[in-house]
Structures are given as structure tokens and as C-alpha cells.
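All remarks here apply to the structure that follows.
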Amino acid sequence: MGDRRVLRLIQKWLKAGVSGDGEWSETMEWRKKYAYGDVIIVRYADDFVLGFQHRKEAERFLKQLRERLREYGLELHSDKTRLIEFGRSAAGNRQRDGNGKPETFNFLGFTHICGVIHKTGRFTVKRKTVGKRMAAKLKAIKAELRRRMHEPI
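What follows is the structure, encoded as C-alpha cells:
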């Protein structure tokens, strides 16, 4: 299912209309589309991650999203947009195909990693602070400590 409050908010967005060139126009069409299998959407501001159960659906969505954004003169950030295999079956599938460990992705300051709970052997998503951010913060702390090194207590 989903959070009813979020679903209601999305319905309001879809019905809200469009403002362009200083003029408001009512939304005449509310597109109802479907995807086979499960779809997960995680959004924060203008960043989002989508999870599709089937790769074919992800490829179809990405193609349609690019076309839709192009209509408004927008495009996806090429460094941030990619299709990866992620989830409980990703490790097994990639090992079977000889591709090594599953890929990771960065979102909201964390690197998300396919993992396994040691005691139960079940899939879990592990999160680590993005390496660049951690290194930058440690460098800033080191510089501040050096600056204060000979100051009186």
C-alpha cells in the first residue's frame, strides 16, 4: 500500500494544474499508467530514487521520464542517473553472471549498499556516509585542530 497522506498529496499535485508563462491552466488529463511488479519511490526535494521489480519497467520509465522532461526543456543529471541492479537477488544474479558485487548508489549523503544480516542471512540495505563528505569533514576538523593546537586551554 502506501501512506494515505502521501497518496492524497500526490493526487492533489496531479489535479492542481500548470503554471506557465505567468498563466495558470487546469490539468485536463490525469495519466493513469501501470507497471508490472512492485515500484518504490523515495523522494527528497528534487532528488529521488525509484526501485522497480523488473528491469524492463525501469528502462521504460526512464525513457518516458527523459521524453517528458525534454518537453519542458529539462533533463536528468547525467552523473546521477543510472540503472543498477539492487536488492535481495542482486548479489546472487551478479555472482551468477560473473559481475562481482552489486553496485552501490549515493542518496541524501549516504552510500547505500546491498548487505546481509549476519545472524539470519536475510537481505538488508547498509548505509555509510558518502566517502567524499567524510574525507572533507575530517580534513576540516584536522585543519581546525592544527589552528587551535598552541592556544591556551
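Just add 43 to the spot in the sequence shown (first one is 1) and you have the numbering used here.
Cβ atoms here follow ideal geometry from the backbone N, Cα and C, with glycine treated the same way.
Span separating the alpha-carbon of residue 171 from that of residue 159: The residue labelled residue 171 in the question sits at position 128 within the sequence shown. The residue labelled residue 159 in the question sits at position 116 within the sequence shown. Using only the alpha carbons, I get a separation of about 15 angstroms.
Alpha-carbon to alpha-carbon, residue 59 and residue 95: The count along the sequence shown starts at 1 and reaches residue 95 at position 52. The count along the sequence shown starts at 1 and reaches residue 59 at position 16. Spanning the two alpha carbons is a distance of roughly 27 angstroms.
Helix, strand or coil at residue 104 [DSSP, three-state]: One-based indexing of the sequence shown puts residue 104 at position 61. DSSP places residue 104 in helix when its eight states are reduced to three.
Distance CB(residue 100)-CB(residue 116) smaller than 8 angstroms: Looking up residue 100 in the sequence shown gives position 57. Looking up residue 116 in the sequence shown gives position 73. Not closer than 8 angstroms, so no.
The region 118-138 / the region 147-159 touching (three or more Cβ pairs under 8 angstroms): yes
Where residue 145 falls, given that 16 or more other Cβ within 10 Å makes a residue buried: Residue numbering aside, residue 145 sits at position 102 when the sequence shown is read from its first letter. Per the 10 Å Cβ criterion, buried.
Beta-carbon gap between residue 91 and residue 84 smaller than 8 angstroms: Taking the first residue of the sequence shown as 1, we reach residue 91 at position 48. Taking the first residue of the sequence shown as 1, we reach residue 84 at position 41. Going by C-beta atoms, residue 91 is nearer than 8 angstroms to residue 84.
Test item: CB-CB of residue 119 and residue 112 under 8 angstroms: Position 76 of the sequence shown, counting from 1, holds the residue named residue 119. Position 69 of the sequence shown, counting from 1, holds the residue named residue 112. Result yes, Cβ atoms of residue 119 and residue 112 sit closer than 8 angstroms.
Secondary structure of residue 168, DSSP reduced to three states: Against the sequence shown, residue 168 aligns to sequence position 125. Looking at residue 168 - three-state DSSP - the assignment turns out to be strand.
Assumed close pair residue 149, residue 173 - CB separation to whole angstroms, cut-off 8 angstroms: If you number the sequence shown from 1, residue 149 lands on position 106. If you number the sequence shown from 1, residue 173 lands on position 130. The Cβ separation is near 5 angstroms, so the contact holds.
Whether residue 176 touches residue 152 by CB criterion (8 angstroms): If you number the sequence shown from 1, residue 176 lands on position 133. If you number the sequence shown from 1, residue 152 lands on position 109. Yes, the pair counts as a contact, with Cβ atoms nearer than the cut-off.
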